[in-house]
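There are 2 protein chains.
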Amino acid sequence: MTDTPESAALSTIALLKANSLTQVIQREIERMILSGELAAGERLNENALAAKLSVSRGPIREASRALAELGFVHLIPNRGVFVKSLGRDDAMEVYDVRAGLTGLAGMLLAPVVTKAQLAALDGMLAEMRAASESTDFAGFYALNLHFHQFIIEATGNSRLVRIYQGLVKEFQLFRRHGLVQQDAMAASLDEHRDIVAALRQRDAQACYDASFQHVQNGKQRMLAALDSMAADGTPDSAVATRLG
Amino acid sequence: MTDTPESAALSTIALLKANSLTQVIQREIERMILSGELAAGERLNENALAAKLSVSRGPIREASRALAELGFVHLIPNRGVFVKSLGRDDAMEVYDVRAGLTGLAGMLLAPVVTKAQLAALDGMLAEMRAASESTDFAGFYALNLHFHQFIIEATGNSRLVRIYQGLVKEFQLFRRHGLVQQDAMAASLDEHRDIVAALRQRDAQACYDASFQHVQNGKQRMLAALDSMAADGTPDSAVATRLG
DNA sequence: TTAGGTCAGATTGTTGACACTTTACAATTT
DNA sequence: AAATTGTAAAGTGTCAACAATCTGACCTAA
Chain A
0 MTDTPESAAL STIALLKANS LTQVIQREIE RMILSGELAA GERLNENALA
50 AKLSVSRGPI REASRALAEL GFVHLIPNRG VFVKSLGRDD AMEVYDVRAG
100 LTGLAGMLLA PVVTKAQLAA LDGMLAEMRA ASESTDFAGF YALNLHFHQF
150 IIEATGNSRL VRIYQGLVKE FQLFRRHGLV QQDAMAASLD EHRDIVAALR
200 QRDAQACYDA SFQHVQNGKQ RMLAALDSMA ADGTPDSAVA TRLG
Chain B
0 MTDTPESAAL STIALLKANS LTQVIQREIE RMILSGELAA GERLNENALA
50 AKLSVSRGPI REASRALAEL GFVHLIPNRG VFVKSLGRDD AMEVYDVRAG
100 LTGLAGMLLA PVVTKAQLAA LDGMLAEMRA ASESTDFAGF YALNLHFHQF
150 IIEATGNSRL VRIYQGLVKE FQLFRRHGLV QQDAMAASLD EHRDIVAALR
200 QRDAQACYDA SFQHVQNGKQ RMLAALDSMA ADGTPDSAVA TRLG
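In order, the protein sequence lines correspond to chains A and B. Read left to right, the first sequence gives residues 0 to 243 (numbering that gives the first Met the number 0). Read left to right, the second sequence gives residues 0 to 243 (numbering that gives the first Met the number 0).
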């Protein structure tokens, strides 16, 4: 038995027996869903999960209820718990709300942003530029997430952070979320620069606009990629493979 | 299709299938919290609740986990679940996010608002005016909630609806949420008129501004009321009484 | 007096068992 | 053969009991 993520989770459960099993299990199921280990639309078999994680069904059910409120799974009475899958329309909904929250964060932060925060953002811009130039797609994607997460957290609004993070996680249920094309990195980088520039000028309105528009542009880039794939007749399986 | 006994039975079956015991209990506990029946900071005794609702602790615990994700209660391992209470800072956080979402809803709706929706909003404005003139505080408050709920739902964005409703409910945990003064109704009414006017002109930016500012003004009115009470030395008990 | 220990009651955490529902499939009928 | 009915397996819903943990009162000793 090597150190797979799965065995790591099992040992964690064994070690944290004293603590709340439910929370550990909740995170584990969440991980299985987001990693695709549990496919979209698939039913969570309580008995199988309980056996796999060496616990009874109680904690499994409690974790399921929590995940249902988070929007990761869907409960159907007497039928079971099903992994949610996001369609095109769902993804657009998430984009719109995320745009609003991202804009809000920019607007809230602009008047109170510190020099240290601006310096940190400048550093991220530099890293993103490097990733873009070396066409490091995965790196750019991670930096992009980190950049926005940083601004959201900088507002100090814990509810904004929680809701935003929930949307980011939920978006991963959109199986084609890795569709950003390589040439989009340059455009995305420019938009991030605009956001930082607006923050530096402490211009709340400009910061809102830049942030909001950045996410909306991302939505358009995604839609364009989706449409071009549909025109190509690219099957979903190819997408799934690329994501794996 | 009329209301035959047969269709009544069918709908009863549908009702039973849609409502599991856990979900019913979840709503019941939520009601008890929002109504103040369960005081802020109070621990939910699983045994007592189970006995009161004539069920076992299993469904109680499942409902508790769901309510924890919704932000109504706080889980402390091996200690229990506690009803959350919102302080001044929490209330301000909620106001800020609500302002952002309200603005977003206005911006999204402005380009696509229908005549029927505008007519409905006009009707609500008339009702609010009547409530304001007869100093019907409770009626005005309800209309205000309904007004914003209507705009949020009109966007057709289910995630926006869900998040917004969660914030509205959470805000009720702020025990002094009923602090709006009578003279504030006139100002609030004007701001609602501004929102509808911007919608009618299909001006997304103006609609965002009017909506955002309306909520932010509400925050300021609340803070002013809080401060004046603090200056008066009005005890919390008086507030609780007024809310009852 | 007070700090610390200990013990009993109360409460939460977890489990296995049982009842009910759904589902899949075989048997029967038309 | 197609449709329908019956049946058994699988899975979810709920419960009561047991284990682990916390709380608070009481007691002891410095």
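Built from N, CA and C at the ideal position, the CB exists for glycine as well. All values reported here derive from a predicted model rather than from experimental measurement.
Closer than 9 Å at the beta carbon, the chain A residues around arginine 158/B:
Gly70, Asp89, Glu92, Val93, Asp95, Val96, Leu166, Glu169
Is DSSP giving arginine 42/A helix, strand or coil here?
strand
Could you tell me whether the Cβ of alanine 67/B comes closer than 8 Å to any Cβ of chain A?
yes
Check whether the region 158–166 of chain B touches the region 108–124 of chain B, counting contact only when three or more Cβ pairs, one atom from each stretch, lie closer than 8 Å.
no
Quick check on leucine 37/A: does DSSP put it in helix, strand or coil?
coil
Contact between the region 28–40 of chain B and the region 79–89 of chain B is defined here as three or more beta-carbon pairs at a separation below 8 Å; is this criterion met?
yes
What in chain A is Cβ-close to glutamate 190/B, meaning under 7 Å?
Going along chain A, no residue has its Cβ under 7 Å from glutamate 190/B, so there is no contact; the nearest lies around 19 Å.
Counted within 10 angstroms of its Cβ, other Cβ atoms place glutamate 68/B as buried (16 or more) or exposed
buried
How do the region 183–195 of chain B and the region 135–151 of chain B stand: do at least 3 beta-carbon pairs fall below 8 Å, yes or no?
yes
For chain A, is any of its Cβ atoms less than 8 Å away from the one on glycine 79/B?
no
According to the Cβ coordinates, are leucine 66/A and glutamine 22/A closer than 8 Å?
no
Locate the alpha helix (DSSP H) running through leucine 198/B, then write down its first and last residues.
183–199
Is the distance from the Cβ of alanine 20/B to the Cβ of leucine 117/B below 8 Å?
The question names alanine, but residue 20/B is leucine in the sequence shown. Contact: no.
Against chain B, which members of the region 26–57 of chain A pass a CB distance test of less than 9 Å?
Gly57
Would DSSP call glycine 79/A helix, strand or coil?
strand
Where leucine 152/A meets chain B, residues with beta-carbon distance less than 9 Å
Looking at the sequence shown, residue 152/A is not leucine but glutamate. What glutamate 152/A touches in chain B: nothing, since even the nearest Cβ is about 13 Å away.
Any Cβ of chain A within less than 8 Å of the Cβ of serine 84/B?
no
Just the C-alpha distance for cysteine 206/A and proline 58/B, rounded to the nearest angstrom, thanks.
46 Å
Specify whether the region 210–222 of chain A and the region 93–112 of chain A touch according to this definition: at least 3 beta carbon pairs, one from each stretch, less than 8 Å apart.
yes
Buried versus exposed call for alanine 183/B [16 or more other C-beta atoms within 10 Å across all chains shown]
buried
Answer with buried or exposed for serine 53/B, where buried requires no fewer than 16 other C-beta atoms within 10 angstroms of its C-beta.
exposed
Just to confirm the assignment, what range does the alpha helix (DSSP H) spanning glycine 99/B have?
87–108
Exposed or buried, glutamate 132/B, counting other C-beta atoms within 10 Å across all chains shown (16 or more means buried)?
exposed
Does any residue of chain A bring its CB to less than 8 Å from the CB of arginine 64/B?
yes
Residues bridged to histidine 73/B (per DSSP):
Phe81/B
Excluding the five sequence neighbours on either side, which residues of its own chain have a C-beta within less than 8 Å of the C-beta of alanine 141/A, listed in chain order?
none
Cβ pair isoleucine 28/B, alanine 62/B closer than 8 Å
yes
At the 8 Å Cβ level, is glycine 99/A part of the contact set with chain B, yes or no?
yes
Any idea if alanine 130/A is buried or exposed, counting beta-carbon neighbours within 10 angstroms, 16 or more meaning buried?
buried
Contact check, arginine 30/A vs arginine 64/B, beta carbons under 8 Å
no
Distance CB(arginine 201/B)-CB(valine 112/B) smaller than 8 Å
yes
Alpha-carbon to alpha-carbon, methionine 228/B and arginine 56/A
51 Å
For the candidate residues Leu159/A, Ala50/A, Gly70/A, whose alpha-carbon lies nearest to that of glutamate 169/A?
Gly70/A
Assign aspartate 95/B to buried or exposed, taking buried as 16 or more other Cβ atoms, counted over all protein chains shown, within 10 Å of its Cβ.
buried
Using a C-beta cutoff of 8 Å, does leucine 174/A count as contacting chain B?
The residue you asked about is not leucine; residue 174/A is arginine in the sequence shown. So, not an interface residue.
Which of helix, strand or coil DSSP assigns to glutamine 171/B
coil
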